[in-house]
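The structure appears below as structure tokens.
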Amino acid sequence: MKYLLFCFLALAAIARAATTQKTPNIVFIFSDDHAYQAISAYGDARKLLDTPNIDRIAKQGVRFDRCLVTNSICGPARATILTGKYSHLNGFPNNSNSTFDGAQQTFPKLLQKAGYQTAIIGKWHLGSDPTGFDFWQILPGQGVYYNPPMIKMGERVAMPGYVTDIIGDVSLEWLKNRDKTKPFMLMCQHKAPHREWAPPLRHLGFDQDRVYAEPATLFDDYSGRGVAVRDQDMTIAKTFTDRDAKLALPAGISPEQQKVWDAYYGPRNAKFRAANLAGKDLVSWRYQRYMHDYLATVKAVDENVGRVLDYLDKEGLAENTVVVYASDQGFYLGEHGWFDKRWIFEESVRTPLIVRWPGVTKPGTATRALVSNLDFGETFLDVAGVPVPADMQGRSLQPLLRGEKPANWRAAFYYQYFEYPSPHRVRPHYGVITDRYKLVHYEGMGEAYWELFDREKDPNEMKSVYGEAAYAATITELKKELTRLRQELKVPAEIPARFYGNQGAGGEGGKKKKQAKQGDL
Ligand code: CA
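In terms of this note's numbering, the sequence shown is residues 9 to 529.
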């Protein structure tokens, strides 16, 4: 009897401890088009920039070295995160004719139901109004860098200043004024460093005209790969506009701001025009300009990450808050001569992901496990102790955060891109990615064909080895895996024409139509 009483008291104590343990808060800081090459914690060979605040998260947490996205563009990546589902199931396959159905199940709604206070601040880019949030203040569409109008709970508001600082300010304001009796989930979503990479005025010239090392593939001639890679329209050589190059003013800039802008760009642009560059010299010049501007926008993102981390420290919230830094996809910083994203290739399919969870993540660790933005929603629910619905297609990263890798963790990942031909003429493709290989199937323009990349031998993905006898068994295996994944993920055999965007997959007819508005990516 005494023993039973002891057991009862012990169990009661355990139950009490479990209920008094605080539910963790979640701060999800998310940027747009932030290449892992431009985060110092990822250690790019070019050493492009120091990001001390994002690195703070890495120093106290886990850096994911192979976080792959399901469909490498803005809106689809966001829809995948909210739903934990691929584009073909969440109904948002492209940026040109998709509208997010806010009536469907999303992780913020489930957190809200579980008692979380939820907010989204910054870029949304899903057409419909946000659902599942107690507070939302978003940029309309793509948003602008200077003096961006925003939509606050349905009302348009004027916001003078620089977009990244404004998103930081509104996020901190919300944190300060939140209902402190509830756990919270904040999505702080930066516009930067999206095209056209307009820097904060305080960082113009921050690099003191440093000459950045060029990537080895800046002058890629696309031999060794098929027509899709040769036919794209996203090169620094051909696709870069005057606005991209800061030879034209950005949208929304005020006369006072323009004075500072002109003082920096004016003399440099005059020198550029006088030099009358062409060919490779012009590409090299544009690459340097691109790096200055892109990295200056990242600098402001990093500073605003620091402001949020400082607030969590100051308020004693850091210990009980999971902080996640990620981007909606990767980005080309001159590799293959490109900017933009979309491809299954590494710089675009792979996005930064760094997670800090005090007491759970081992400081300064990294993993090469194949993870995805498909897993984010599931992870947030799992962290909050909310059951993950069976129809979500990803998997909670919680074991990996604890430093464990389950034996049955995914060894292959399915990728599918649709939007074509505008903008950037990247052909629809799908494929399977493993630790070593990428098998890709292209479609559109009446041609369908395969490519295979062996990343162990060809890390820059310069030459398809599809059809080489030495890879015959590998190809058979990968095709089997691809079929299995497509079945498991419920990929329809026939893709509806609207998935490819307003112009369909026809290509030739589409070319005659108006190109998507520049910057509307
Ligand atoms: Ca993006």
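Idealized CB from N, CA, C, for every residue including glycine.
* Would you grab the beta carbon distance between residue 39 and residue 300 for me? Rounded to a whole angstrom, and I think it's under 8 angstroms. => By 1-based counting over the sequence shown, the position of residue 39 is 31. By 1-based counting over the sequence shown, the position of residue 300 is 292. In this structure, residue 39 and residue 300 do not form a Cβ contact; the two beta carbons are roughly 18 angstroms apart against a cut-off of 8 angstroms.
* Buried or exposed (CB count within 10 angstroms, at least 16 for buried), residue 446 -> Counted from its first residue, the sequence shown places residue 446 at position 438. Looking at its Cβ environment, which holds 16 or more other Cβ atoms inside 10 Å, residue 446 is buried.
* **Segments assigned beta strand (DSSP E), at least 3 residues, entirely inside the segment 449-484** => The qualifying runs are 457-462.
* To do: Pull up the distance between the alpha-carbon of residue 73 and that of residue 264, whole angstroms please.
  => Here the question's residue 73 lines up with position 65 in the sequence shown. Here the question's residue 264 lines up with position 256 in the sequence shown. Whole-angstrom Cα-Cα distance: 42 angstroms.
* From which residue to which residue does the beta strand (DSSP E) around residue 239 run? -> For this step, residue 239 is matched to residue 231 along the sequence shown. Unbroken run through residue 239 is the alpha helix (DSSP H), 235-239; no beta strand (DSSP E).
* Asked: Among the residues of its own chain, which have a CB less than 7 angstroms from the CB of residue 390, if the five just before and after it don't count?
  -> Taking the sequence shown and counting its residues from 1, one reaches residue 390 at position 382. If we look at residue 390 and ignore the five residues flanking it on each side, its Cβ neighbours are 396, 404, 406.
* Since residue 377 and residue 408 are thought to touch, with beta carbons under 8 angstroms apart, how far apart are those beta carbons, to the nearest angstrom? -> As a position in the sequence shown, residue 377 is number 369, starting the count at 1. As a position in the sequence shown, residue 408 is number 400, starting the count at 1. Taking 8 angstroms as the upper bound for CB-CB distance, residue 377 and residue 408 are in contact here, some 6 angstroms apart.
* State the CB to CB distance for the pair residue 170 and residue 262, rounded to an integer number of angstroms; the pair is presumed to be in contact (CB under 8 angstroms). => Residue mapping note: residue 170 aligns to position 162 of the sequence shown, counting from 1. Residue mapping note: residue 262 aligns to position 254 of the sequence shown, counting from 1. About 11 angstroms separates the two Cβ atoms, so there is no contact after all.
* To do: Assign residue 513 to one of two classes, buried (16 or more other C-beta atoms within 10 Å of its C-beta) or exposed (fewer than that).
  => Here residue 513 refers to the residue found at position 505 when the sequence shown is read from its first residue. Residue placement at residue 513 is flagged as unreliable, the pLDDT there being 46, under the threshold of 50; a coordinate-derived value is accordingly withheld.
* **residue 486 versus residue 331: straight-line alpha-carbon distance, rounded** => For the purposes of this step, residue 486 is taken as residue 478 along the sequence shown, with counting starting at 1. For the purposes of this step, residue 331 is taken as residue 323 along the sequence shown, with counting starting at 1. Between residue 486 and residue 331, the C-alpha separation is close to 36 angstroms.
* **Classification of residue 287 by the beta-carbon crowding that lies within 10 angstroms, buried from 16 upward** => As a working mapping, residue 287 is identified with position 279 in the sequence shown. Taking every protein chain shown into account, the CB of residue 287 has fewer than 16 other CB atoms within 10 angstroms, so this residue is exposed.
* Asked: What number of angstroms, rounded off, separates the C-alpha of residue 437 from the C-alpha of residue 50?
  -> Position 429 of the sequence shown, counted from the first residue, corresponds to residue 437. Position 42 of the sequence shown, counted from the first residue, corresponds to residue 50. Cα to Cα, the separation comes out at about 28 angstroms.
* Report yes if the C-beta distance between residue 140 and residue 112 is below 7 angstroms; otherwise report no. => By one-based count along the sequence shown, residue 140 stands at place 132. By one-based count along the sequence shown, residue 112 stands at place 104. Residue 140 is not a Cβ neighbour of residue 112, given a cutoff of 7 angstroms.
* To do: Please list, following the chain, all residues that have a C-beta closer than 5 angstroms to any non-hydrogen atom of ligand 1.
  => With 5 angstroms as the limit, the residues whose C-beta approaches any heavy atom of ligand 1 more closely are 40, 41, 82, 336, in sequence along the chain.
* residue 440 versus residue 363 - alpha carbon distance -> One-based indexing of the sequence shown puts residue 440 at position 432. One-based indexing of the sequence shown puts residue 363 at position 355. Their backbone Cα atoms lie some 26 angstroms apart in a straight line.
* To do: Tell whether a beta-carbon distance below 7 angstroms holds between residue 469 and residue 461.
  => Residue numbering aside, residue 469 sits at position 461 when the sequence shown is read from its first letter. Residue numbering aside, residue 461 sits at position 453 when the sequence shown is read from its first letter. It is a contact, given that the beta carbons lie within the stated cut-off.
* Near residue 68, what residues of its chain come up, given a Cβ to Cβ distance below 6 angstroms and the 5 sequence neighbours on each side ignored? -> Mapped onto the sequence shown, residue 68 falls at position 60. So the list reads 364, 371, once near-sequence residues are dropped.
* Asked: Where does residue 416 sit, in a helix, a strand or coil, going by DSSP?
  -> If you number the sequence shown from 1, residue 416 lands on position 408. Reduced to three states, the DSSP call for residue 416 is coil.
* Asked: Is there a Cβ from chain D that is less than 7 angstroms from the Cβ of residue 319?
  -> In summary, chain D is missing from the structure at hand, where a single protein chain is found.
* Asked: What is the DSSP secondary structure of residue 266, reduced to helix, strand or coil?
  -> In the sequence shown, residue 266 corresponds to position 258, counting from 1. The answer is helix: DSSP assigns residue 266 an H, G or I state.
* If you count every other CB in all the chains shown that lies within 10 Å of the CB of residue 464, and 16 or more means buried, which is it? -> Translated into the one-based positions of the sequence shown, residue 464 becomes position 456. Answer is exposed; the Cβ neighbour count stays below 16.
* Spatial neighbours of residue 21 within its chain, please: CB distance less than 6 angstroms, with the 5 preceding and 5 following residues excluded, ordered by chain position. => Along the sequence shown, one-based indexing puts residue 21 at 13. Since pLDDT at residue 21 reaches only 47, below the 50 mark, its modelled position is unreliable, and no value is offered.
* For residue 347 and residue 298, believed in contact at Cβ under 8 angstroms, the rounded distance -> On the sequence shown, position 290 is the one that residue 298 refers to. On the sequence shown, position 339 is the one that residue 347 refers to. Yes, residue 298 and residue 347 are in contact; Cβ-Cβ is about 7 angstroms, under 8 angstroms.
* Between residue 36 and the rest of its own chain, which residues show a CB-CB distance below 6 angstroms, the 5 nearest in sequence each way excluded? -> Taking the sequence shown and counting its residues from 1, the one referred to as residue 36 is at position 28. So the qualifying residues of the chain are 195, 332.
* To do: Return yes when the Cβ of residue 259 is within less than 7 angstroms of the Cβ of residue 152, no when it is not.
  => Here residue 152 is taken as the residue at index 144 of the sequence shown, counted from 1. Here residue 259 is taken as the residue at index 251 of the sequence shown, counted from 1. It is a contact, given that the beta carbons lie within the stated cut-off.
* To do: Figure out for me which residue from 202, 271, 368 has the closest Cα to the Cα of residue 81.
  => Numbered from its first residue, the sequence shown carries residue 81 at position 73. Check the Cα spacing between residue 81 and each of 202, 271, 368: the tightest is with 202.
* Does the segment 218-231 come close enough to the segment 336-350 that 3 or more CB-CB pairs lie under 8 angstroms? -> Taking a cut-off of 8 angstroms for Cβ pairs, the segment 336-350 and the segment 218-231 touch, as three or more such pairs fall below it.
* For residue 163, which three-state DSSP category applies? -> Taking the first residue of the sequence shown as position 1, residue 163 is located at position 155. In the structure shown, residue 163 sits in a strand (DSSP, three-state: E or B).
* Asked: When DSSP builds the beta bridges, which residues end up paired with residue 380?
  -> Stepping through the sequence shown from its first residue, residue 380 is reached at position 372. DSSP lists 76 as partners of residue 380.
* Asked: residue 346 bridges to which residues according to DSSP?
  -> In the sequence shown, the residue the question calls residue 346 occupies position 338. Looking at the DSSP assignment, residue 346 forms a beta bridge with 243.
* Asked: Going by alpha carbons, who is nearest to residue 414 out of 105, 102, 379, 30?
  -> Here the question's residue 414 lines up with position 406 in the sequence shown. Comparing Cα positions, the closest option is 379.
* **Sheet register partners of residue 145 (DSSP bridge)** => By one-based count along the sequence shown, residue 145 stands at place 137. According to DSSP, residue 145 bridges with 129, 160.
* Same chain, Cβ closer than 6 angstroms to residue 176, five either side skipped, listed in chain order -> Locating residue 176 in the sequence shown gives position 168, counting from the first residue. If we look at residue 176 and ignore the five residues flanking it on each side, its Cβ neighbours are 312, 315.
* Asked: So what's residue 33 in DSSP terms, helix, strand or just coil?
  -> Here residue 33 refers to the residue found at position 25 when the sequence shown is read from its first residue. Residue state, collapsed to three classes: strand.
* Go through its chain and collect everything with a Cβ distance to residue 222's Cβ below 8 angstroms, but skip five positions before and after it. => To locate residue 222, count along the sequence shown from 1; it is residue 214. Residues 292, 295, 342 of the same chain have their beta carbon placed closer than 8 angstroms to that of residue 222, with the five preceding and five following residues left out of the count.
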